[in-house]
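Data first, discussion second: the structure below is written as structure tokens.
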Amino acid sequence: MNKPIHILGISAYYHDSAAAILRDGCILAAAQEERFTRNKGDSAFPHHAVGLCLDQAGITEHELDHVVFYENPLVKFERLTTTYHLTAPKSLRSFLLSFPKWLTSNLWLENEIQTELGIKQRIAFGDHHLSHAASAFFPSPFEEAAILTIDGVGEWSTATFGSGRGNHIELFKEIRFPNSVGLLYSAFTYFTGFKINSGEYKLMGLAPYGKPVYADMIRKEIIHIQDDGAVQLNQKYFDYLGGLTMTNERFAELFGGPPRQPEARITQREMDIAASIQEVLNDIVLRMARFVHRETGMKHLVMAGGVALNVVSSGLLSRTGPFEQIWIQPAAGDAGSALGAALWMWHMALGHPRRPEFPDAMQGGFLGPDIAPVSDEDDRRLAELGGDWESYPDGELQQRIAELIAEGKVVAVARGRMEWGPRALGARSILGDARSPTMQSHMNLKIKFRESFRPFAPMVLAEDAAEYFEIAQESPYMLFAYPVVGSRRVDPTEEQTRLWGIDLLKVPRSDVPAVTHVDYSARVQTIDADRNPFLHGVLKECKRLTGCSVIINTSFNVRGEPIVCTVEDAYRCFMATNIDCLVAGNRLFHRDRQQNGTMNEEQRQQWLEKFELD
Ligand SMILES: [Fe+2]
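Residue 578 is where the sequence shown starts when you use the working numbering, and the numbers rise one by one after that.
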């Protein structure tokens, strides 16, 4: 028998570092570094994620056949120096801030990665958007598909259009820096007072409160959109080429004042800006999709790049666009490119054939470290933390979880292999009753320690999803927003429509109010028995008890903290919050039975201080 080939993909040094490993082209493991270091969006070399990959493969770093980095630092450096050259002397400060890092590490990345891994073999370098494209096409269930990648910027590309067939990807058109849809959206994220690279989803969640009153002005002044979706940004309004901020005073003048400061109150202006840029983004994404459909004549589309995480655009595209089905890489941002780079190496550089897998090759996205149903080691750790639990076999545990949810309890689940990508999909999730009109507020304040203008996401039995949502296709990775069906909607009274912001969200909009946004949309996750048999069983039991196939799924973390990874993380987060019950492996913990009891306010604050607040 031939020795298997192991390929390690790495994405690092920008934000959200990650590693992924393939054995003979099959995905063995993939994870983001932040989950291990507890440092959100950690950009350091992903030692822990690499460790997971090597453990899962049962090999040492010296047994890796290929190591591939997700982009080409030399081409990226060329882009940076060209930009500085064209924008000097204004860009001098920005140049001086980033140049030393490039000289000391980024340019010598091969050496740096070899040193970090403790190996001497050559490191391969991919191409940023080809890595995104590979992460989207190769694991998808399609024989052939059109490809769309959209992000802030890679080396030079900011969006690419292409096709995948067999083991080959062809990217036939690109949009180049400084014209960038991702940077445009990030500029508005910055201007509305949210954090770039993590606050984009907040801007999207704010949009349903506003009216798109600025959309025409954005199209006229800020961005020119061609029929094929190609964009030109009017650099008169931006500062990212040579400055230290995204937008300038002229941009602020267009919107009647300076950017919102992060702690300042959100006003109607920010809501209207959010609605406007969402409308413009929808327009761009639809045009890009129509173009790549026209050019390829293919009926399926795959997507990656940070903009593919905009569930509103993707949901609209799936409902109204030209493609029969869309598949989006669950880790669509740069973390996912670690996997894409490894797949590129296997199929394109080494030429191995590809056989599409069904429902896809991502194993439900459960590619991280495992919390096994039963483990003596985890028992020992949990006992050390003072945990008191009962263990149940799978079927009984599913039944208990469903009963607790139906009673209005909040249940955290840490079980099986951790999710890959930004969304919790049921392996590190907090679950609750979607029918409760108070659950959204309760979970936000008592568990997540935040007020949020976004509702929670629904988890729904795949086979029942169309009874609740106007879904165009399955959404196993929570990557599409769909409207709640008309028959389930509740119209607010005249008086209720005069409410504002979060109060507006507290007015029930449907018979699953905790997961219905003010515009009746929901970020749907469909649960099928193939990808997630355990939660599929929980949902079926919920349906039997309550008649409802929908529950809340929110990520198992508190504000500012990465999603929990280990049983210790899970137990500590459980104890620091007001989550009623914890499921860790096949163990069930009730809050009132824990030796340490609930933390008092002072202890909780001390615990929370460890985390950066957002
Ligand atoms: Fe990217």
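Glycine is no exception: its CB is placed at the ideal position from the N, C-alpha and C atoms.
Check your understanding: Around the C-beta of glutamate 1179, are 16 or more other C-beta atoms found within 10 angstroms, so that it is buried, or is it exposed?
Key -> Residue numbering aside, residue 1179 sits at position 602 when the sequence shown is read from its first letter. By the neighbour-count rule (16 or more Cβ atoms within 10 Å), glutamate 1179 is not buried but exposed.
Exercise for review: For the alpha helix (DSSP H) holding tyrosine 778, just list the boundary residues, first then last.
Suggested key: Here residue 778 refers to the residue found at position 201 when the sequence shown is read from its first residue. That run of the alpha helix (DSSP H) goes 777-783.
**Study point:** aspartate 1191 - DSSP class collapsed to helix/strand/coil
**Key:** Within the sequence shown, residue 1191 is the residue found at index 614, counting from 1. Confidence at aspartate 1191 is low in this model, with a pLDDT of 28, below 50, so the placement of that residue should be treated as unreliable; the coordinate-derived value is given next. Coil.
Check your understanding: Listed by chain order, which residues have C-beta atoms less than 7 Å from any heavy atom of ligand 1?
Key -> His705, His709, Asp728, Gly729, Gly731, Gly882, Gly883, Gly910, Asp911, Ser914
Practice item. Identify every residue that forms a DSSP beta bridge with aspartate 1010. Key: Translated into the one-based positions of the sequence shown, residue 1010 becomes position 433. Beta-bridge pairing links aspartate 1010 to Ile1128.
Review point. Run through DSSP, which three-state label would tryptophan 733 get?
Key: For the purposes of this step, residue 733 is identified with residue 156 of the sequence shown, where counting begins at 1. Correct three-state label for tryptophan 733: coil.
**Study point:** Secondary structure, alpha helix (DSSP H): runs of 4+ residues fully inside the stretch 582-659
**Key:** 611-614, 624-634
Exercise for review: Give me the Cβ distance between tyrosine 786 and phenylalanine 1133, rounded to the nearest whole Å; I'm assuming they're in contact under 8 Å.
Suggested key: Position 209 of the sequence shown holds residue 786. Position 556 of the sequence shown holds residue 1133. Wrong, their Cβ atoms sit about 27 Å apart, outside the cutoff.
Check your understanding: For alanine 784, which residues of its own chain have a beta-carbon under 6 Å away from its beta-carbon, when the five flanking residues on both sides are left out?
Key -> If you number the sequence shown from 1, residue 784 lands on position 207. Hits under 6 Å: Ala851, Ala852, Gln855.
Review point. Measuring CB to CB, does histidine 745 end up less than 8 Å from methionine 925?
Key: As a first step, residue 745 must be located in the sequence shown, where it is residue number 168. As a first step, residue 925 must be located in the sequence shown, where it is residue number 348. Contact: yes.
**Study point:** Bounding residues of the alpha helix (DSSP H) (the contiguous stretch that carries glutamine 1102)
**Key:** Your numbering for residue 1102 matches position 525 in the sequence shown. Taken as a continuous stretch (DSSP letters only), glutamine 1102 belongs to no alpha helix (DSSP H), being part of the beta strand (DSSP E) at 1098-1104.
Review point. What are the complete beta strand (DSSP E) segments, minimum 3 residues, inside the stretch 863-922?
Key: 877-881, 902-905
Check your understanding: Within this structure, are the beta carbons of proline 755 and leucine 821 separated by less than 8 Å?
Key -> Counted from its first residue, the sequence shown places residue 755 at position 178. Counted from its first residue, the sequence shown places residue 821 at position 244. Not in contact: proline 755 and leucine 821 (Cβ atoms no closer than 8 Å).
Practice item. Using three-state DSSP, classify tyrosine 791 as helix, strand or coil. Key: What you label residue 791 is simply residue 214 of the sequence shown in a count that begins at 1. The answer is coil: DSSP assigns tyrosine 791 none of H, G, I, E or B.
**Study point:** Length of the line joining the Cα atoms of lysine 575 and leucine 761
**Key:** The shown model of the chain, from 578 to 1191, leaves out residue 575, and the question about it has no answer.
Review point. When the distance is taken between beta carbons, is serine 708 closer than 8 Å to alanine 1034?
Key: Residue mapping note: residue 1034 aligns to position 457 of the sequence shown, counting from 1. Residue mapping note: residue 708 aligns to position 131 of the sequence shown, counting from 1. The answer is no: Cβ separation not under 8 Å.
Review point. Nearest CA to the CA of glycine 743: which residue from Ala764, Phe719, Val758?
Key: Along the sequence shown, one-based indexing puts residue 743 at 166. Measuring from the Cα of glycine 743, the nearest candidate turns out to be Phe719.
Check your understanding: Can you list, in chain order, the residues of its chain whose CB lies under 7 Å from that of alanine 885, leaving out five sequence neighbours each side?
Key -> For the purposes of this step, residue 885 is identified with residue 308 of the sequence shown, where counting begins at 1. Excluding positions up to five away in sequence, the list reads Ile727, Ser891, Ile905, Ala909.
Review point. From this set, Pro999, Thr1074, Phe1111, Arg1027, which residue's C-alpha is nearest lysine 907's C-alpha?
Key: Along the sequence shown, read from residue 1 onward, the residue named residue 907 stands at position 330. Here the sequence assigns proline to residue 907, which means lysine is not the residue at that position. For proline 907, the nearest C-alpha among the options comes from Pro999.
Review point. Grouping DSSP H, G and I as helix and E and B as strand, with all else coil, what is tyrosine 817?
Key: In the sequence shown, the residue the question calls residue 817 occupies position 240. If DSSP states are grouped into helix, strand and coil, tyrosine 817 belongs with coil.
Point to revise | Other residues of its chain near serine 1018: CB distance less than 7 Å, five sequence neighbours each side excluded | key: Residue numbering aside, residue 1018 sits at position 441 when the sequence shown is read from its first letter. Answer for serine 1018: Lys1083, listed in chain order.
**Study point:** Beta-carbon gap between leucine 1165 and glutamate 967 smaller than 8 Å
**Key:** The count along the sequence shown starts at 1 and reaches residue 1165 at position 588. The count along the sequence shown starts at 1 and reaches residue 967 at position 390. Yes. Within cutoff.
Point to revise | Expected contact under 8 Å - CB spacing of valine 1067 and serine 1087 to nearest Å | key: Here residue 1067 is taken as the residue at index 490 of the sequence shown, counted from 1. Here residue 1087 is taken as the residue at index 510 of the sequence shown, counted from 1. Indeed they touch by this definition, with Cβ atoms about 6 Å apart.
Review point. Nearest to threonine 1074 by alpha carbon, out of Pro936, Ala792, Asp804, Asp1096?
Key: Mapped onto the sequence shown, residue 1074 falls at position 497. Measuring from the Cα of threonine 1074, the nearest candidate turns out to be Asp1096.
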